[in-house]
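Each residue of the sequence shown is one higher than the last, beginning at 20 in our numbering. Idealized CB from N, CA, C, for every residue including glycine. The next block holds one structure in the form of structure tokens; read it before the comments.
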Amino acid sequence: MKKIATLILLLISISHFGFCQSSIRDQVVEMSEVLGFIYGQKIFLESIKENFPELRNDATRAELKWELAFGKVEKELERRLREILEDSYADFETLSKQKLSEVATFDNISRSDAISYIETVNRRTEGDIEEQFKARVLMYHPDFIQYPHQELSRGYRNEFKSSGYEPKSKGIKLRIQYPASWKEEEGVRPNILFKAISENGEGTTSLNILIKDIAAELKTEMTDDEWKYFITDEGNRELADMIFTESALKEMMSELGLINPNFSEYSRLVIDGNPGAKISISAKIQRLEFEFPIYSNPYVIISKNYLVIATFATMGASVDEAKTEFEKFKPAINLMMNSMAILNRYE
Numbered sequence: 020m021k022k023i024a025t026l027i028l029l030l031i032s033i034s035h036f037g038f039c040q041s042s043i044r045d046q047v048v049e050m051s052e053v054l055g056f057i058y059g060q061k062i063f064l065e066s067i068k069e070n071f072p073e074l075r076n077d078a079t080r081a082e083l084k085w086e087l088a089f090g091k092v093e094k095e096l097e098r099r100l101r102e103i104l105e106d107s108y109a110d111f112e113t114l115s116k117q118k119l120s121e122v123a124t125f126d127n128i129s130r131s132d133a134i135s136y137i138e139t140v141n142r143r144t145e146g147d148i149e150e151q152f153k154a155r156v157l158m159y160h161p162d163f164i165q166y167p168h169q170e171l172s173r174g175y176r177n178e179f180k181s182s183g184y185e186p187k188s189k190g191i192k193l194r195i196q197y198p199a200s201w202k203e204e205e206g207v208r209p210n211i212l213f214k215a216i217s218e219n220g221e222g223t224t225s226l227n228i229l230i231k232d233i234a235a236e237l238k239t240e241m242t243d244d245e246w247k248y249f250i251t252d253e254g255n256r257e258l259a260d261m262i263f264t265e266s267a268l269k270e271m272m273s274e275l276g277l278i279n280p281n282f283s284e285y286s287r288l289v290i291d292g293n294p295g296a297k298i299s300i301s302a303k304i305q306r307l308e309f310e311f312p313i314y315s316n317p318y319v320i321i322s323k324n325y326l327v328i329a330t331f332a333t334m335g336a337s338v339d340e341a342k343t344e345f346e347k348f349k350p351a352i353n354l355m356m357n358s359m360a361i362l363n364r365y366e
């Protein structure tokens, strides 16, 4: 099995052609790696069918399951590569096949290796894809590009848990699921507990979760009995009624340094039994001398002594473009927020 894994890594190393400028070349190399991974899997399954006739049916079933789940990824990658490489695509295809033929030797693969590999393909179909390929396979799936929520609903998801993230977690026990094609990144600012970006960190849509322990600000303004009441479910609801009004939320978000913010779609909601609210914002943000159009949905939640702000945002060439792209993610955002759990409230 180790040899199979080594060969697969060799199969993806189609990265020494000179058809493109560097930025486009990077895209071609990335897509070539994923395509090489898929082509390599096909070659191994065909070899198993040829060399182990008694395993032909098992290998065929594994191949069909993969094709049903991810066959569209292969076609999408080939389409994109043809579009980028144009007349050079034929040369690229020839070079790819040449490299595959150079490394694809199967003389020493045992029957147990073959059985193990079929099991590996079956696990991949269920989403247990090797980490270096998983996010990239998922991000090129046309269904998930057009309907991001399908990635979650089909079970291709990761889960973030705040345990082990002290001091940023401030003691909160929070968990949330997000698409497996998104890349988790460390939040630069001290209050950012979690950050994830679509398309394996290269996309325009992101999630940031900010945590604030409001005990320090509120306890000095209350008696002990008042404080004990406010961290109950009933007290949280009363506090939310005061600070999650539409005007208060607009004021809170206006302090984030947004340029010409426009607010819409304010609503109150409940997340895992915790009172909250959300609002839509179209604006621009400034980074150094540049301004970037953005459309976002901040969700604000109170749970005991914690204020949680989960912000989903999409950047675009214009605010309208950002909003259009954001609309695609709304069903996925609903699934992510419905998966959020704050366990402190049960203690």
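- [ ] Check whether the stretch 194-203 touches the stretch 127-144, counting contact only when three or more Cβ pairs, one atom from each stretch, lie closer than 8 Å.
- [x] no
Open item on the list: Quick check: the Cα distance between residue 80 and residue 329, rounded to an integer number of angstroms?
Closed with: Here residue 80 refers to the residue found at position 61 of the sequence shown. Here residue 329 refers to the residue found at position 310 of the sequence shown. About 42 Å.
- [ ] Output the boundary residues of the alpha helix (DSSP H) element that contains residue 342.
- [x] Numbered from 1 along the sequence shown, position 323 holds the residue referred to as residue 342. Per DSSP, residue 342 is one residue of the alpha helix (DSSP H) stretching across 338-358.
- [ ] Report the three-state DSSP secondary structure of residue 74 (helix, strand or coil).
- [x] In the sequence shown, residue 74 corresponds to position 55, counting from 1. Looking at residue 74 - three-state DSSP - the assignment turns out to be helix.
TODO: Apply the 10 Å Cβ neighbour rule to residue 224 and answer buried if 16 or more other Cβ atoms are within range, or exposed otherwise.
DONE: As a first step, residue 224 must be located in the sequence shown, where it is residue number 205. The residue is buried, with at least 16 neighbouring Cβ atoms inside 10 Å.
TODO: Specify, as a first and last residue, the run of the alpha helix (DSSP H) that residue 140 falls within.
DONE: As a first step, residue 140 must be located in the sequence shown, where it is residue number 121. 130-144 is the span of the alpha helix (DSSP H), which, as asked, contains residue 140.
TODO: Measure the CB-CB distance between residue 230 and residue 327 and report whether it falls below 8 Å.
DONE: To locate residue 230, count along the sequence shown from 1; it is residue 211. To locate residue 327, count along the sequence shown from 1; it is residue 308. In contact: residue 230 and residue 327 (Cβ atoms closer than 8 Å).
- [ ] Look up residue 56 in the DSSP assignment and say whether it is helix, strand or coil.
- [x] The residue given as residue 56 occupies position 37 in the sequence shown. Looking at residue 56 - three-state DSSP - the assignment turns out to be helix.
Task: Span of the beta strand (DSSP E) around residue 293 - done: If you number the sequence shown from 1, residue 293 lands on position 274. First-last of the beta strand (DSSP E) with residue 293: 293-306.
Open item on the list: Can you find the residues in the same chain that come closer than 6 Å, C-beta to C-beta, to residue 246, ignoring five residues on each side of it along the sequence?
Closed with: Position 227 of the sequence shown, counted from the first residue, corresponds to residue 246. Only 238 meet the Cβ criterion.
Open item on the list: Quick test of your reading: residue 203 and residue 179, contact by CB under 8 Å. State the CB separation rounded to the nearest angstrom.
Closed with: Locating residue 203 in the sequence shown gives position 184, counting from the first residue. Locating residue 179 in the sequence shown gives position 160, counting from the first residue. Sure, about 7 Å apart at Cβ, within 8 Å.
- [ ] Return the first residue and the last residue of the alpha helix (DSSP H) that residue 172 is part of.
- [x] Position 153 of the sequence shown, counting from 1, holds the residue named residue 172. Counting along the chain, the unbroken alpha helix (DSSP H) around residue 172 starts and ends at 168-172.
Open item on the list: Please return the same chain residues whose Cβ sits closer than 6 Å to the Cβ of residue 357, not counting the five positions on each side in sequence.
Closed with: By 1-based counting over the sequence shown, the position of residue 357 is 338. Setting aside the 5 residues that flank it on each side, residue 357 has no residue in the same chain whose C-beta is closer than 6 Å to its C-beta.
Open item on the list: Give the list of continuous beta strand (DSSP E) stretches no shorter than 3 residues that lie fully inside the stretch 188-269.
Closed with: 193-198, 202-204, 211-216, 224-232
Task: From 165, 244, 116, 43, residue whose alpha carbon lies closest to that of residue 91 - done: For the purposes of this step, residue 91 is taken as the residue at position 72 of the sequence shown. The shortest CA-to-CA distance from residue 91 to any of 165, 244, 116, 43 is the one to 165.
- [ ] Give the range of the beta strand (DSSP E) segment to which residue 328 is assigned.
- [x] The residue given as residue 328 occupies position 309 in the sequence shown. Start and end: 325-334.
TODO: Report, in whole angstroms, the separation of the C-beta atoms of residue 312 and residue 341, which I expect to be a contact under 8 Å.
DONE: Mapped onto the sequence shown, residue 312 falls at position 293. Mapped onto the sequence shown, residue 341 falls at position 322. The pair is a contact, with the Cβ atoms about 5 Å apart (cut-off 8 Å).
Open item on the list: Please report the straight-line C-alpha distance between residue 366 and residue 263, rounded to a whole angstrom.
Closed with: For the purposes of this step, residue 366 is identified with residue 347 of the sequence shown, where counting begins at 1. For the purposes of this step, residue 263 is identified with residue 244 of the sequence shown, where counting begins at 1. Rounded to the nearest angstrom, the two C-alpha atoms are 24 Å apart.
Task: C-beta atoms of residue 331 and residue 171 nearer than 8 Å - done: Your numbering for residue 331 matches position 312 in the sequence shown. Your numbering for residue 171 matches position 152 in the sequence shown. Cβ atoms of residue 331 and residue 171: not closer than 8 Å.
Task: Separation of residue 355 from residue 181, as counted between CA atoms - done: The residue you call residue 181 lines up with position 162 of the sequence shown. The residue you call residue 355 lines up with position 336 of the sequence shown. So the alpha carbons of these two residues sit roughly 15 Å apart.
Task: Per-residue DSSP class, three states only, for residue 363 - done: By 1-based counting over the sequence shown, the position of residue 363 is 344. Residue 363 falls in the helix class under three-state DSSP.
- [ ] Using the Cα positions of residue 359 and residue 293, report the straight-line distance between them to the nearest angstrom.
- [x] Within the sequence shown, numbered from 1, the residue matching residue 359 stands at position 340. Within the sequence shown, numbered from 1, the residue matching residue 293 stands at position 274. Taking the straight line joining both Cα atoms gives about 10 Å.
Open item on the list: What does DSSP give as the partner residue(s) for residue 176 in the beta ladder?
Closed with: Position 157 of the sequence shown holds residue 176. Partner(s): 198.
Open item on the list: Under DSSP, the beta strand (DSSP E) around residue 149 begins and ends at which residues?
Closed with: Working through the sequence shown from its first residue, we reach residue 149 at position 130. Where residue 149 is concerned, there is no enclosing beta strand (DSSP E), given that its DSSP letter is neither H nor E.
Open item on the list: What does DSSP give as the partner residue(s) for residue 312 in the beta ladder?
Closed with: In the sequence shown, counting from the first residue as 1, residue 312 sits at position 293. Beta-bridge pairing by DSSP links residue 312 to 303.
TODO: Could you name the residues of the same chain whose beta carbon sits closer than 7 Å to that of residue 353, not counting the 5 residues immediately before and after it, in chain order?
DONE: Position 334 of the sequence shown, counted from the first residue, corresponds to residue 353. Hits under 7 Å: none found.
Open item on the list: Quick check: what's the CA-CA separation for residue 102 versus residue 250?
Closed with: Within the sequence shown, the letter at position 83 stands for residue 102. Within the sequence shown, the letter at position 231 stands for residue 250. Approximately 57 Å, taken between the alpha carbons.
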